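Taking it in order: structure first as structure tokens, then the write-up.
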Amino acid sequence: MSEFRNACNSVKVGGYVAYQPSMERFSVDYWKTGVYDTQVFYPSKELNWRVYKKEDGRIELVSAESVGDLCIGGEIGYAKLGKTLNELCRAYVNPEWAEDACSIGYTSECVEEIRTPIMWQDIAKLENPFPYVDMLHKGEVDYIRRKKLYHSFGRVWLPTRNVHKHKKYISLRAGCLAASGKVSECVLYFKNNTTERLEKACVCGVRPRILLKKGLFLESGLGTKEEPYRFGML
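Each residue of the sequence shown is one higher than the last, beginning at 37 in my numbering.
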């Protein structure tokens, strides 16, 4: 087996990889996003993929750009944010080469889904209503900046939530990452101290992270756009 070059040891973070998802069409239903339209993605269309991480003999890829725009809004969109993003990203798994996928910015500390309806009276009383989901995962974002794994246009969703409390209102916000690497938030739901409630919708891109299988070897390629890495299976 000496003629085979272990893929994990041979590729560089940021290098381009020839990877093709196998699913042709994936629909995101309205009851997962909080907006009243079914949104369709086409995972098998040609995309650029880059080496995101390589750890413990495993390679993780990330889409070089957004795979498409996803509209999310309101209390439902907020509550299902992580689950919706990760389900969409898993549509980009090719089971011949990959094992799993998740959204950029997702960590094990994220809670994919929050129970609805959200208890507003409880939020108003608590100093930090969702301590387990209001993180913007600074370490993950810093890694993207350090490795220069930016996308070139627009904002992409981060599976992170925040609650902004003011004396006169409460707003539910979702995280997003700009092309510059700056983290910001989209307001998805607003409630003032009276009965007024306002659902808002935001459109951002989606960047899946793909966890490849172990046992890959580097077949060819230089990791450039023109000559991406190509893997074989041991």
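Quick reminder that beta carbons are idealized off the backbone N, C-alpha and C, glycines included. Only a predicted model underlies this, so the values are computations on that prediction, with no experimental measurement involved.
In this structure, does DSSP put residue i in helix, strand or coil?
i: aspartate 178; result: helix
i: aspartate 170; result: For aspartate 170, the predicted structure reports a pLDDT of 40, less than 50, and the residue's modelled location is therefore unreliable. A value from the coordinates is still provided. Note: aspartate 170 maps to coil in three-state DSSP.
i: threonine 196; result: strand
i: glutamate 262; result: coil
i: cysteine 325; result: The chain is shown only over 37 to 270; residue 325 falls outside these bounds and no answer can be derived.
i: lysine 89; result: strand
i: valine 49; result: coil
i: lysine 68; result: helix
i: arginine 233; result: strand
i: lysine 227; result: strand
i: glutamate 82; result: coil
i: glycine 251; result: coil
i: tyrosine 205; result: strand
i: valine 242; result: coil
i: arginine 151; result: coil
Excluding five sequence neighbours on each side, which residues of the same chain lie with their C-beta closer than 6 Å to the C-beta of residue i?
i: lysine 89; result: Glu96
i: leucine 172; result: For leucine 172, the predicted structure reports a pLDDT of 48, less than 50, and the residue's modelled location is therefore unreliable. The matter cannot be settled from this model.
i: alanine 237; result: Val71, Cys107 and Gly109
i: glycine 113; result: Thr69, Gly70 and Leu224
i: glutamate 263; result: Gly257
i: isoleucine 150; result: Ala115
i: alanine 127; result: Met59, Phe62 and Pro79
i: cysteine 146; result: Gly118 and Pro195
Please classify residue i as buried or exposed, where buried requires at least 16 neighbouring CB atoms within 10 angstroms.
i: proline 244; result: buried
i: threonine 230; result: exposed
i: lysine 116; result: buried
i: glutamate 82; result: exposed
i: valine 76; result: exposed
i: tyrosine 168; result: Here the model assigns tyrosine 168 a pLDDT of 37, short of 50, so the residue's position is not dependable and the matter cannot be decided.
i: arginine 61; result: exposed
i: glycine 93; result: exposed
i: serine 99; result: buried
i: lysine 227; result: buried
i: lysine 184; result: exposed
i: tyrosine 63; result: The sequence given here has serine at residue 63, not tyrosine. Looking at its Cβ environment, which holds fewer than 16 other Cβ atoms inside 10 Å, serine 63 is exposed.
i: threonine 143; result: exposed
i: arginine 191; result: buried
i: lysine 261; result: exposed
i: arginine 86; result: buried
i: leucine 234; result: exposed
i: tryptophan 193; result: buried
i: proline 18; result: An answer regarding residue 18 cannot be provided, because it is not within the stretch 37 to 270 covered by the chain.
Residues in its own chain within less than 7 Å of residue i by CB, not counting five upstream and five downstream?
i: phenylalanine 189; result: Ala215
i: glutamate 357; result: A question about residue 357 goes unanswered here, because the residues of the chain that appear run from 37 up to 270.
i: leucine 254; result: Arg41, Ala43, Ser46, Val47, Tyr265 and Phe267
i: alanine 298; result: Only positions 37 to 270 of the chain appear in the structure, and residue 298 is not among them; the question remains open.
i: alanine 137; result: Cys125, Arg126, Tyr128, Val129, Pro244, Arg245, Ile246 and Leu247
Who pairs with residue i in a beta bridge, going by DSSP?
i: cysteine 222; result: Ala210
i: phenylalanine 62; result: Phe77
i: phenylalanine 267; result: Leu254
i: arginine 191; result: Ala214
If you drop the 5 nearest sequence neighbours on each side, which residues of the same chain put their C-beta closer than 8 Å to that of residue i?
i: glutamate 101; result: Leu83, Asn84, His187, Ser188, Phe189, Gly241 and Arg243
i: methionine 37; result: Residue confidence for methionine 37 is low, a pLDDT of 42 falling below 50, so the modelled location carries little weight; the figure read from the coordinates is stated next. Correct list, in chain order: Leu270.
i: aspartate 170; result: Model confidence at aspartate 170 stands at a pLDDT of 40, short of 50, so the residue's coordinates are unreliable and nothing is read from them.
Inside the region 96-138 only - beta strand (DSSP E) runs reaching at least 3 residues: 105-109
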